[in-house]
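Residues 1 to 154 (the working numbering) make up the sequence shown, in order.
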Amino acid sequence: MNIKNISKKSNIFTLILSLLFGLTMIKCISNDKIQQQPCKIAKVKGLAGDIMGDWKLVKRDRLFISPGEIDYSCDDIMFSFKTDSSYTISSNIPAFLESGEADIEYQLQSIDQSKTIFKLTTRSIEWRCTISEYDMIWENTILDGGRRIFIRVK
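Have a look at this one:
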């Protein structure tokens with residue numbers, strides 16, 4: 001093996017490591033942005049794993065195909081979850097009310113021992129759903145459905 005081949009392999013290896021590091025940094029930056037909304041919202045503490053109550057949609061994002069995010073923190077998009085396995089959406093944005101459904105059915109199945117990570121099925125779509133004391137995140141990144149980030153408000 002000559003010096004040129006070793007040098008080329010070393011450059012390729014360095015390039016691959018740089019790309020992986022860059023992608024990792026982009027992922028970290030996008031996670032930090034989730035927490036920063038232009039409009040402040042008063043969070044209400046609830047029980048981790050409890051979906052009941054009112055949740056404000058604050059952000060939607062896509063991570064892979066056409067990556068981007070939409071910040072809804074200044075809008076009024078509320079998801080109200082009820083004990084009968086249904087929820088309603090109220091919004092000041094007409095696109096969220098186009099479905100015309102008064103009560104939207106959902107199923108919530110725990111997939112971890114701490115009962116804070118769930119499989120949420122609604123409108124024939126499955127989401128990985130994490131519910132903490134203050135926040136709820138719906139993820140469907142495998143199909144690049146992106147994420148929906150909510151804050152508990154009631």
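Glycine is no exception: its CB is placed at the ideal position from the N, C-alpha and C atoms.
Own chain, CB closer than 8 Å to residue i, minus 5 neighbours either side, in chain order
i: C39; result: S73, C74
i: N140; result: I125, E126, W127, R128, G146, R147
Contact under 7 Å by Cβ, residue i with residue j
i: D61; j: E69; result: yes
i: R148; j: V44; result: no
i: Y106; j: S85; result: yes
Residue i, buried or exposed, once every other Cβ within 10 Å from all chains shown has been counted against 16
i: I111; result: exposed
i: I93; result: exposed
i: K115; result: exposed
i: L97; result: exposed
i: I65; result: exposed
Nearest-angstrom beta carbon gap, residue j and residue i [assumed within contact, 8 Å]
i: G49; j: I131; result: 5 Å
i: F79; j: L108; result: At roughly 13 Å, the Cβ-Cβ gap does not stay under 8 Å, so F79 and L108 are not in contact.
Contacts around residue i, its chain only, beta-carbon distance under 7 Å, and the 5 residues preceding and following it disregarded
i: G46; result: G53, E133, R152
i: F150; result: W55, K56, L57, V58, F79, D135, M136
Member of the options whose CA lies at the smallest distance from the CA of residue i
i: W55; options: R128, P67, K82, T122; result: K82
i: K154; options: A95, D135, I117; result: D135
i: D71; options: T121, Q113, I41; result: I41
Sequence-distant residues of the same chain with beta carbon closer than 6 Å to residue i, five excluded per side
i: W138; result: W127, C129, R148
i: I117; result: I111, T130
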